[in-house]
Structure formats: C-alpha cells, structure tokens
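Comments concern the structure below.
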Amino acid sequence: MALINLPKTYEPREIQEKWSKKWAEANYFHAKVEKDKEPFCIVIPPPNVTGFLHLGHALDNALQDILIRWKRMQGYNVTWIPGTDHAGIATQVKVEERLAKEGLSRYDLGYEGFLERVWAWKDEYETRITTQLKRLGASCDWPRQRFTMDEGCSKAVREVFVSLYEKGLIYQDDYIINWCPRCRTALSDIEVEHQDTAGKLYHVKYPFKGKDGYLVVATTRPETMLGDTAVAVHPDDDRYKDLIGQEVILPIMERAIPVIADDYVDPQFGTGAVKITPAHDPNDFLMGVRHNLPTIDVIGEDGKMTSKAGKYGGYDRYQCRRDLVSELEEEGYLLKVEEHQHAVGHCQRCDDVVEPLVSRQWFVKMKPLAEPALQVVRDGRIQFVPERFSKIYINWLENVHDWCISRQLWWGHRIPVWYCEDCGYKNVSRVDPTECQECGSERLKQDPDVLDTWFSSALWPFSTLGWPEKTPELEHFYPTSVLVTGYDIIFFWVARMVFMSMEFMKEIPFKYVFIHGLIRDSEGRKMSKSLGNAVDPLEMVEEYGADALRLTLVTGNAPGNDMRFYREKVEGNRNFANKIWNASRFVLMNLGDLQPNVAGTDIANLDLTQVDKWILSRYNSSVKEVTELLGQFEIGEAVRVLYDFIWSEFCDWYIELVKPRLQGEDDRIVAQTVLIYVLEGILKLLHPFMPFITEEIWQYLPGEGETLALAKWPEFCEELEDRSAEKNMVILMETITAIRVLRAEMNLPPSKKINIILYSDNESEELLKAGEDYIRRLARVEMLTIADGGAEKPEKAISAIAAGIEVYLPLEGLVDFDKEIARLKEELKVVEKETARFEKKLSNKGFLTKAPAEIVQGEREKLSANNEKRIKLVERLAILQR
RNA sequence: GGGGAAGUAGCUCAGCUGGUUAGAGCGCUACGUUGACAUCGUAGAGGUCAGGAGUUCGAAUCUCCUCUUUCCCA
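If you count the first sequence from 1, you need to add 200 to reach this note's numbering.
Dropping the structure here:
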C-alpha cells in the first residue's frame, strides 16, 4: 500500500467534524455491561436545559472525557452517562422571558399550554447541548442519555418522596421560608444569594405602655415593624433588665407588645433592643416559637403589604418603607438613621430581593440523612480532590437545616400528594390514587406544587442506572467511579447525592469527587451574559479547534482553582497541535516504503543507537509519569509532561538528530521504527486530551485497528529504561548548545560555517566520536576535531565548558582578547559562587550526618563538576592573560 | 463573625509528600526560510518566591504573625 501523507496544513475544523460524526455512527462509546471487566463509570453533571453550554461546561466535560477516554484505553468497561436537567425554576424563568417577548404570560397559556411550551423548549435545548458536547469531543455513552424528568427518573423521584414520607423524613409544615416575590415560589436556603448592600439602620422609639419614656429599637427593615409582636433584649443587659415583662406601644399600629428576654439578642448591636417580627425574619420566627408569640404576616407573596399592615395594606414593600419612615419622622418616632452595610438575600435565578415569610411547605428532615453522608467523607470512603473541599462539605452538612423542597412552579415533578376534599387526608402514593385511602372519597386533589429541581438531581447517579429497578447496569456500574464538578455546587448537588445514595442504595454514589474551579475572564471576573464577557466555547472550537480549547481549559492551573481565560492561551495550544501535526507529517514522509510492524516488533532488541535508547527511555518515563498523574487527577501536570516531552525532546532534539540517518541506508529502518513507535505512543498518551488530532494522525500510521479511542494505553516497560543513554545524551546536547552559545556570542549567523575543537577525557571521547555527525549538523560545524584533554589548545579562540568538555572555537584574527577575558571572568564568577555554595553545604556536619546519603552524594558530584569547570576556566584565563 | 483560596519573571500561572543552579506559556531582545513546522528555529534578558519570626543540616514548600486580593458560609 502506498502511504498517503497528511495534508500540508493542520485544519482542525474538518477533522473534528469528521470524527465526531464517525465516532457517533460507529457507537464506539456505548458500553454493554461486561461482568468480567472492571467497570468505570461517570455520570455527567447534567447541564440545565436553559441555554447553551458555556466554558465552564466545556471544562467540566473535558475533564470527564479525559478520564473516560484514558480508562477506556486501559481496557475498563467504561460508560459515561450523558443527560440534562430540567432545571425547574431556571427553565421556567427562561420560558416566561420568551413568552414575555410575545406579550404573553404563563397564565395566558394556562397550565397545560405552558407546559407544552416548556417541553418544546427542553427538546430544543437538549438537542443543542448534545450537539455541543459532541463537538467538544465528549465520548459519552449516547444510547444511555437521560433527562431528569424522563419516565425512569420520575419514577425514582416518586419512589424516594413516598419512601421518605413513610419514614417520617418528609413532612409538611408552616414555617418561615425564603420567598421570591418575582418567581412566586419558595426557595431553599442555598438558592438565596446574599449580597452586601449599603442600607440604613433606623432607630425607632417604642413608647412604654402606661408611662412616660420609650425604648429605642434599631432595624434595617422598618416596614416589617407593622408585624412586630415583641421587643427582645438580652436577659443580662442591665440597661433593660427592669423592662422585661412590661409592654411597649408599637408606633403607627398602636398595638401593645411585650418586652421579652432572649439569649439570642446581641447587646452590642444597635441599641441592644430588637423588634421581633416572627412572620418576616427567620431568627424572629424561632424566637416567636420559643416565646409563643403571635405571627402577623404584613408582607404578602406578591411582595406587597397585606391588609394586616393597616393603612399600608396594598403598598409595595419599598414604597411602604419610604412612606412609613417619613411618617415615623413626622410623628417624632424616628430618632436617627445610620448608614449600615448588611447582607440582603437575592433570588439565585431572577435576582429579586427574597422575602422571608411563613408559608405551608414540604420539607426534608435533614439531621438523620446528613449523618451517614458525613460519615463516609470523614472516614475517607468518599474522597474530595483536592482534599480541602471536604471541609466545605462537612461544615455545611454539620450545620444543615431542613430542606424546603416544594416550589410553587409549574415546571417540575409534581408532588405526589393528593388531598382528600372530604376528610382532608393526605394521600401520598407511588401510583396515582383514585380514592382516598382514609375515607374512600373520590374527591381528591393533587398538590399543585412541584419539587425542587435538585431533588431529582440528587438521585442522578442511581436513577440514570435504572433505579428503582434492579437493572444489570445498576449492579455493575454502581457506585460510580468519580464525580467531576465545580465547587459551586457542592451543597446543591454533591451533598444531596451522597445522602440520597446512603439512604436508598446504602452505598456511596462515587468514590472520588474531583472538584474544579470556575472559568473567569481575562480580568478575573465571572463570565456572565449581563457583563457581556462570556466566551462561546464553540467560537473557540471554530477558530482554534476543540483540541486546543480542551487543552487550554485543563492546563496552566492547579486543581480546584479558578482560571482566567485568554484567547492567547488557546492560540498557543493550537500551535502545539500544529507542531504535532507537522512532526507527524515529517515521520510519515520519511517512512517511504517501510511498513514497520511496530506492534509486533520487540523494539528493545533492535540495533539501537544511543540516541534511540535515549528517546525511548524518555518516552518510557513519560508513559509512567502521565499514567501516574492521571491516576492522581493531576491533569494539568500530565499535559505539561507530555507537552515538554513532545516539543522539547521529541521534536527539537530527536527528530533533528535522526534526520541524517533517514537519508542513509545503514540503520534507516531502525530510525524509522523508533520514530513511528514513539509517535504512536505519543498519540495514544495524548488522545484523552486531544482526541481529534490524535485520531486523525493515527489513521495514517501503519498498523491495525479501527480507532485510536479503543487502542491500548501504553505501559511502562522496564527494558526501555536506560539511564546511561540519558546521561550520554545530556553530554551531547550540552556540547551542541555550548557551540551554539559561542556562535551567538560572536554573532556568527548559522550560514557562517565554523570550526570547532572539542577537548575531552577518554570517557566521553568515544561518545563525542559517535556523535560527531550530530554535532556537526545541529551546531552547523564545518570541521570538527575531537582531541585529548591534555593537548595543546589554540590561543586565538573563544571557549566554553559543557558537561566536562572544553569547547574551542578558533577565530583567527577575530578574537578580542579583552572581551574574551571579561566573558570568561564573568563565567568564573558564577562558577565560583556555585562552588562556594556546595563547599559550604558539604562542610556542614549537620548536613553530612542528617541528610540522606543520596542527597549528599548528589551535592558532591555537583561540587566536583563545578570544580572541574572552575579549574579549566582558571587555566584558560591564565593562558589568555599571559 | 466563621472558614477556604491566592500573593513566585512585564502578564497568566506551574512547582505533589521540604534537597532544582526556582520553571512554562505569552510578551520582550538578537539572529535565522537548514525540504516537518514562521502556527517555526537558535540564543538571550528578566525573580530577595508579599513582609517578618520560627522549626530544620536544609524552606518558594512546614508553623505562627502581619499586610493585600478574592470566594463561600452566618
């Protein structure tokens, strides 16, 4: 077969299009359950069907794909389960926004009509997301794709809800919750984002009842005073001790309320007396429970004041605040107003200011569930990478409050509770009931609310594998191997998956939680639509290629840390891809008619040169390092090792060194075989990171196999390790570099041929003789002489010392002796400084006795090498200065 | 108020369990089209590893303190 070489230029676009299509068609990434093989399973953090994927998704999925492709090549039974999240509130907000553009609200369409629109939206975005993932190279097990509201996931949700209800772990209660007046729904604690806001602290007089004088309370939210049912002070606060048990008159409302004592009050804050509004503040609510205070709700679900707010009924909450403050001022109740910084809760989805209010909602009792979830992280059965994130997880679970799971939305899993309109019984059922389990009435009404979107995501690791059915997938692939996600959803998702798994599977959901950071813009800001600084991953894919983008996202920063995104970084990695492309092109173009059966060749037994042995040894240790680093989730370091090996060693040195041999006949085949062997290994090692370019090139290589994605991952091979070849090559490379430095020093362009004399001891003489051609070629030397170290040295020359070899560049009439002396003196200074350092270290008794022998030996060698160099420099200077 | 992270070359960042002559990419300087690659090559300049104290034979790395920047939680 005549070999076809790669196209002259690297065109990522064509390659990625071709391969994402081919891979999908061939269904390479679908894994059947193979019981005799070790499983490796990742469930994708399901992207929300709210929009397009952003760079954060690209990072998350690149990391997963790297692990997945690596393990697949290692021969594991690998499945990466893709899917999307219905993202209840977020999606509903999006669809409502779209409707608003048509001048419609969800009420105009009605419940059924609105849901139809949301399902259509879901289909549209699910398709887009899937397409995007494929274009990024994600090797998902597509036939197993899931959706949090598909039939199976819905069944899992139903089972979990009913089961928790039966165990008493789900309950309904009137409780203070976070309410978003814009979305008109309850939110869980973590869906509220606290933002520091410049506010005011109002000092208001509350007159004593039945006597002169007043108490001053400080509040940031005066409008809630309309619902005050007490004033609280600290029991030990001497200022107020006498007032406890007495009453004050609530201004405007003219209502008498008691002064109570509670430890919760901070005597240092404000005046030390706080107004208590149990209906509109979480802490006040708890205090109200402790002291049996009435609850007066003055703010409604629409964010407006209720009729209980007296004359302010119907006012918007902010309007009420303004008007109320002026009234207080006019009436002389307002003592003073201070500037005050405080945290204000905002809705995570729509950014409206959240209103704490009392409402009847469904909750998950957290304490009993949290305990096992804490245990598995504390005892290391689940490991966070990096480890520090386990603290965040533990701290949250230790202080977790009950989870409000009901949402007043239309889009989501309906709560499986039917209220009997006759006896009021709550029918909580796995199958839709037709009659009341209590009284038999058929007049049943399902709870109108839906569940928090995270309720279904919490089941994702097992619901996607078929639970509650006992599927072979569940049995084989569960627990999953690793979860890859950002630190921003440790509470929302990771913790919840763990406790749900512990409760329902009696098993951890995954062994490792691999946490990554956020992608920020070049100024370190979060990327967001409103800032207009978001980068579209597909735009980068178009411009630089998916491989370059993937590499950019996973390198150059430590695990768990945020990363700034620069287009220049992607460009740099595109250049790296181009380098690989051209190096491969070179190898292929020099293959000629050779069809080496690399797989069947025992490479170590070929008649290898030192250079071959060196590159094989270096390649071999790269295999080892990359594999180890991947095992430690050190993706960035693994890439760095590969990048350096490929560019600096394989391309810059090996290819250059091997060139002459490819022209000759003697050992041409050996050189070709080594080239192709190392190249193929490189492509394999690089494939998880850069799947498209490696697959494309690999197809041009001789050998068997349909796809690189299913090729065997390289293994470390003892036989290829060759320390002495590595050492020899260092000498050779340093010699070549030394000549190049002299050339540059004298401003001699490469076109100018030069003569070089190398003086060496017997040991390296042989090595230099063997490497004569290399030196001549790579340093562009016309006439190369290798002489004994003791031989007479030319006077009119400039010199350098590299790896114990004296390099002389004779320059008849061109040498400026003063300049050369100065140059050598400068070098001598550096060497002397080094020598002194080593000497000092080695004369330190503590060092000699306490440091490991290896280290001491290393320092000794460094000292003697330095000394040798120093002596030669001194000698040379003596001659020049004679 | 509690907790985390970060401070290393002009910029962006690596540097794992303490032993390197402290690295990379970009940028910068000089030279260069040598038949894989100018999306490139060769050589180079550039760092008191935020500051202080301590532990140690030895600290960018461990401990404590200070300063600065960030993020999360209350």
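For each residue, glycine too, the CB sits at the ideal point set by N, CA and C.
Contact set for residue i: own chain, Cβ-Cβ below 7 Å, skip 5 residues either direction
| i | result |
| --- | --- |
| G303 | none |
| I268 | I242, V278, W280, S339 |
| P914 | V823, G881, K884, L885 |
| R672 | Inspection of the sequence shows that residue 672 is occupied by Pro rather than by Arg. Around P672: V233. |
| V525 | Y402, P422, L534 |
Beta carbon of residue i nearer than 8 Å to that of residue j
| i | j | result |
| --- | --- | --- |
| W618 | Q646 | yes |
| M487 | A432 | yes |
| T291 | H403 | no |
| H676 | P282 | no |
| M349 | H613 | yes |
| G352 | G666 | yes |
| F589 | I715 | yes |
| L885 | V981 | no |
| T577 | Y712 | With the sequence shown as reference, residue 577 is identified as Val, and Thr is not the correct amino acid for it. Cβ atoms of V577 and Y712: not closer than 8 Å. |
| D308 | P246 | no |
| V416 | L534 | no |
| G903 | G256 | no |
| L569 | E703 | yes |
| P451 | E531 | yes |
Separation of residue j from residue i, as counted between CA atoms
| i | j | result |
| --- | --- | --- |
| Y877 | S784 | 12 Å |
| A925 | E856 | 17 Å |
| I1005 | S960 | 5 Å |
| I939 | N1067 | 21 Å |
| R750 | V735 | 14 Å |
| N962 | D988 | 7 Å |
| W219 | E359 | 41 Å |
| Y900 | L206 | 7 Å |
| T680 | F710 | 5 Å |
DSSP three-state assignment for residue i, whether helix, strand or coil
| i | result |
| --- | --- |
| T397 | strand |
| F850 | helix |
| C917 | coil |
| Y518 | helix |
| D323 | helix |
| D373 | strand |
| C353 | helix |
| H403 | strand |
| E1006 | strand |
| T284 | strand |
| L857 | helix |
| I268 | helix |
| W596 | helix |
Local Cβ density within 10 Å of residue i, reported as buried at 16 or more and exposed below that
| i | result |
| --- | --- |
| L1073 | buried |
| Y974 | buried |
| M453 | buried |
| Y512 | buried |
| A746 | buried |
| G410 | exposed |
| R560 | exposed |
| T397 | exposed |
| L182 | This structure cannot speak to residue 182, because the chain is shown only from 201 to 1082. |
| C380 | buried |
| K813 | buried |
Nonlocal neighbours in the same chain, by C-beta distance under 6 Å from residue i, ignoring five residues either side
| i | result |
| --- | --- |
| A748 | V770, N773, R774, A777 |
| F655 | I605 |
| G971 | L932 |
| L718 | D762 |
| R643 | E621, D622 |
| M727 | D721, N733, A734 |
Any non-hydrogen atom of the ligand SAH within 7 Å of residue i CB
| i | result |
| --- | --- |
| R358 | With respect to the ligand SAH, the structure shown offers nothing to examine, as it has no ligands at all. |
Neighbourhood of residue i by C-beta, 8 Å cutoff - its chain only, sequence neighbours within 5 removed
| i | result |
| --- | --- |
| R725 | L731, N733 |
| R521 | R421, P422, E423 |
| R1070 | L1028, V1031, E1032, T1035 |
| K400 | T420, V537, E538, E539, H540 |
| E834 | P759 |
| L315 | W610, W611 |
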